[in-house]
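Participant: The sequence shown runs 19 to 300 under the numbering used here. Ideal Cβ placement from N, Cα and C applies to all residues, glycine included. Just dropping this structure here.
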Amino acid sequence: MWDFTINGIDLYHMINWFIIYSFFGWVWETFYVSIKQGEFINRGFISGPFCTIYGCGAIAVYTILKPAEGNLFILFFGGIVVATLLEYFTAVLMESIFHTSWWDYSDKKFNFQGRICLGASLGWGVFTVILFRVLHPVVEDLVSLYPVYVGKIGSCVFGAGYLVDFCRSASAAFHLRERLPQWEHELEKKQVELMLKLNARFENLEFARGASIESIRERMEDAEVLNALSEKRIAIQKELMGELAAFRKSLVARTKGNTRRFLKAYPHLNRGYRIHHKKNKK
């Protein structure tokens with residue numbers, strides 16, 4: 019089994035590389051998202067420190083593009099094609115299984131169905147070049163540091179642990195799929211409530227704006243008054259957006275375990291639920 023090869027790469031090395039790249043991917047995703055959100059976020063589908071889409075992507079692009087490793091042009095554009103296809107079909111698969119979108123590029127330019135976008139694809143091309151020129155020599159050195167029998171035992175232990183972790187995470191994701199419609203309904207009610215409050219406060223603000231302008235028409239301070247009222251409008255919007263964010267956090271606080279981890283790691287899952295169902299209706 020270990021001697022099975024693809025493009026001259028045996029299964030033993032593919033599995034060990036996959037584990038290392040999955041860990042590197044988890045470190046990158048967790049670091050990036052944690053910095054953005056200001057708290058530690060365990061990013062990844064399973065609870066362990068591995069993002070397997072990075073492992074799959076790295077092994078796929080390396081295995082397929084290895085014959086062209088000396089050509090940067092082919093590596094860049096080949097990486098774009100291979101990684102983008104993997105990202106797209108992974109999104110489709112996860113949406114069909116869990117009935118929600120786990121990532122969404124709808125607000126990005128040149129996106130396709132919100133599943134892939136030009137910016138991310140170009141990033142995959144750059145990553146592929148870095149993988150061949152920088153990362154992979156390091157990964158190969160890491161694998162060479164331990165005996166083959168240790169790598170085989172470690173791969174088996176990883177596989178068993180990953181299977182258990184994946185089953186638990188998948189169970190939580192299915193549970194999440196059942197809960198999302200209820201949470202979406204609660205969020206919609208809260209959004210309607212906040213919109214009514216926002217409109218009422220804006221109406222009061224517009225009335226004050228009209229009265230203020232009329233009372234000082236003869237003066238030269240209209241611009242200052244209007245600027246002050248515009249700032250007040252922005253402050254009201256921020257205040258109500260804060261209320262909505264606090265309400266979302268209260269929904270997350272009701273959950274536990276992997277379900278809570280999913281909601282923290284993927285805060286737009288409820289939006290993904292809406293997007294998925296809109297796509298299915300078309």
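Under 8 Å: do the region 100-107 and the region 136-144 share three or more Cβ pairs, one atom per stretch?
Facilitator: Touching, yes, given that three or more Cβ pairs across the two stretches are closer than 8 Å.
Participant: Could you check how far apart the C-beta atoms of Y180 and I64 are, in whole angstroms? I think they sit under 8 Å.
Facilitator: Right, the Cβ-Cβ distance comes to about 7 Å (below 8 Å), so this counts as a contact.
Participant: Which residues in the same chain have their Cβ closer than 6 Å to the Cβ of F184, if we skip the five residues on either side of it in sequence?
Facilitator: Here the set comprises I64.
Participant: Leaving out the 5 sequence neighbours to the left and right, which residues in its chain are closer than 6 Å to R133 when beta-carbon positions are compared?
Facilitator: Excluding sequence neighbours, R133 sits near Y106 and A109.
Participant: Could you check if C174 is buried or exposed, using at least 16 other CB atoms within 10 Å of its CB as the buried criterion?
Facilitator: Exposed: under 16 other Cβ atoms inside 10 Å.
Participant: With 16 as the cutoff for other CB atoms within 10 Å, does V25 come out buried or exposed?
Facilitator: It is Asn, not Val, that sits at residue 25 in the sequence shown. Under this definition N25 is an exposed residue.
Participant: Quick one: what does DSSP say N276 is sitting in, helix, strand or coil?
Facilitator: If DSSP states are grouped into helix, strand and coil, N276 belongs with the helices.
Participant: Do T23 and K79 have their beta-carbon atoms positioned less than 9 Å apart in this structure?
Facilitator: Looking at the sequence shown, residue 79 is not Lys but Val. Taking 9 Å as the Cβ cut-off, V79 and T23 do not qualify as a contacting pair.
Participant: Let's see if you can read the secondary structure: which residues bound the alpha helix (DSSP H) around N89?
Facilitator: Run containing N89: none; DSSP gives neither H nor E here.
Participant: State the DSSP-derived secondary structure class of D159, mapped to helix, strand or coil.
Facilitator: Residue state, collapsed to three classes: helix.
Participant: In the structure shown, what three-state DSSP assignment does F95 receive?
Facilitator: It is helical.
Participant: Looking at the structure shown, is T118 part of a helix, part of a strand, or coil, going by DSSP?
Facilitator: Coil.
Participant: Could you tell me which residues DSSP pairs with D28 in its beta bridges?
Facilitator: In DSSP, D28 forms a bridge with T23.
Participant: Throw me the rounded Cβ distance for the F41 and F58 pair, which I believe falls under 8 Å.
Facilitator: With a Cβ gap of about 17 Å, F41 and F58 do not count as contacting.
Participant: Which of the three DSSP states, helix, strand or coil, is assigned to F130?
Facilitator: Note: F130 maps to strand in three-state DSSP.
Participant: Below 8 Å on the Cβ atoms is my guess for N34 versus V161; work out the distance and round it to an integer in Å.
Facilitator: With 8 Å as the limit, N34 and V161 qualify as a contact, their Cβ atoms being about 5 Å apart.
Participant: Count the C-beta pairs between the region 110-121 and the region 153-169 that are closer than 8 Å, then say yes if the count reaches three, no if not.
Facilitator: The answer is no - the region 153-169 does not touch the region 110-121, with fewer than three Cβ pairs under 8 Å.
Participant: Which residue comes first and which comes last in the alpha helix (DSSP H) that contains V144?
Facilitator: Counting along the chain, the alpha helix (DSSP H) containing V144 begins and ends at L136 to I148.
Participant: Is L93 buried or exposed, if buried means 16 or more other CB atoms sit within 10 Å of its CB?
Facilitator: Buried, by the Cβ-count rule.
Participant: For R195, which of helix, strand or coil comes out of DSSP?
Facilitator: Here R195 sits in helix by DSSP.
Participant: Cα separation between W277 and F176?
Facilitator: For the record, residue 277 in the displayed sequence is Thr; it is not Trp. Spanning the two alpha carbons is a distance of roughly 23 Å.
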